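In what follows, a single structure is set out as C-alpha cells and then discussed.
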Ligand SMILES: Cc1cc2nc3c(=O)[nH]c(=O)nc-3n(C[C@H](O)[C@H](O)[C@H](O)COP(=O)(O)O)c2cc1C
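In this note's numbering, the protein residues as written are 30 to 236.
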C-alpha cells in the first residue's frame, strides 16, 4: 500500500474533477489517499507521503496564486528546517506527478507547460523524483470566447469522461511503474544474494 497525497488548487472545478478521479483510482487500487484542496491555511508536509500528485488550474501560464502561496510557505518552512539542502539530494522512494488543467486559448499547451515546470521545480528541491507532468484541457468557465474560439476550438464540458478515463489509465500506469520498480529491486536483491552464495561456496571449495 502506497501512502499517497492528492493536493490541488481549483477555482472553477475542472482541476478538482481531475484530482477526484485520481483519488478514486488510488483508493480503488488499495492505496491510502489524503485528498486536500489548497487554501490559505494549508500546511501539508509533502514528505509524509510517498507518492504526491500536485495540481493546479493554470492562471497566466502558472499555477494559481493559492497554490503558489502554499509552495512559497512550504519553501520557507523546508529551507529554515534544513530539509532543502544544496544539490537537493534525491530521497529514495519519494515520487511525484505534477498536473494541471488549462484552456490554452492563445497558444495551446505552451500556456500549461510553465505551470507544471514550476511545480516540478519545487518538488525536486524537496527531493522528490517527478515521474510525469500531465496537462488536461478544461473549459474556460464564464468565457464563451475562450471556450470556443481558442487554439483547441470548442472545449466546453472539458474535462469530460474521456479526459478523466485517460487520467485513470495514467494513474494506473504510474502505480504499475512503481510496482515494477519494487519487483526489480527485489529481483536484483535476490540475484545479489545468489552471487554472494556462489562466491562463498567457491571460497570454501578453494580452502
Ligand atoms: C483568471 C484566469 C486566468 C487564466 N489563465 C489561463 C492561462 O494563462 N492559460 C490557460 O491555458 N488557461 C487559463 N485559464 C483557464 C483555466 O486554466 C482553465 O479553465 C482551468 O481548467 C480552470 O481550472 P479550475 O476549474 O480548476 O479552476 C485562466 C482562467 C482564469 C479564470
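Ideal Cβ positions, reconstructed from N, Cα and C, are used throughout, including at glycine.
Small disclaimer: the values here were computed from a predicted structure and weren't measured.
Here residue 121 is not bridged, per DSSP, to any residue. Not one heavy atom of ligand 1 falls within 7 Å of the beta-carbon of residue 98. In the structure shown, residue 143 falls within a helical segment according to DSSP collapsed to helix, strand and coil. Leaving aside the five residues that flank residue 204 on each side, the residues in its chain whose CB is nearer than 7 Å to its CB run, in chain order, 58.
Per DSSP, residue 188 has no beta bridge partner at all. Remark: C-beta atoms of residue 85 and residue 38 approach each other more closely than 8 Å. Remark: the shortest separation between the CB of residue 78 and any heavy atom of ligand 1 does not fall under 7 Å. Taken from the Cβ of residue 181, every heavy atom of ligand 1 lies 7 Å or farther away. By alpha-carbon distance to residue 127, the top candidate from 32, 136 and 157 is 157.
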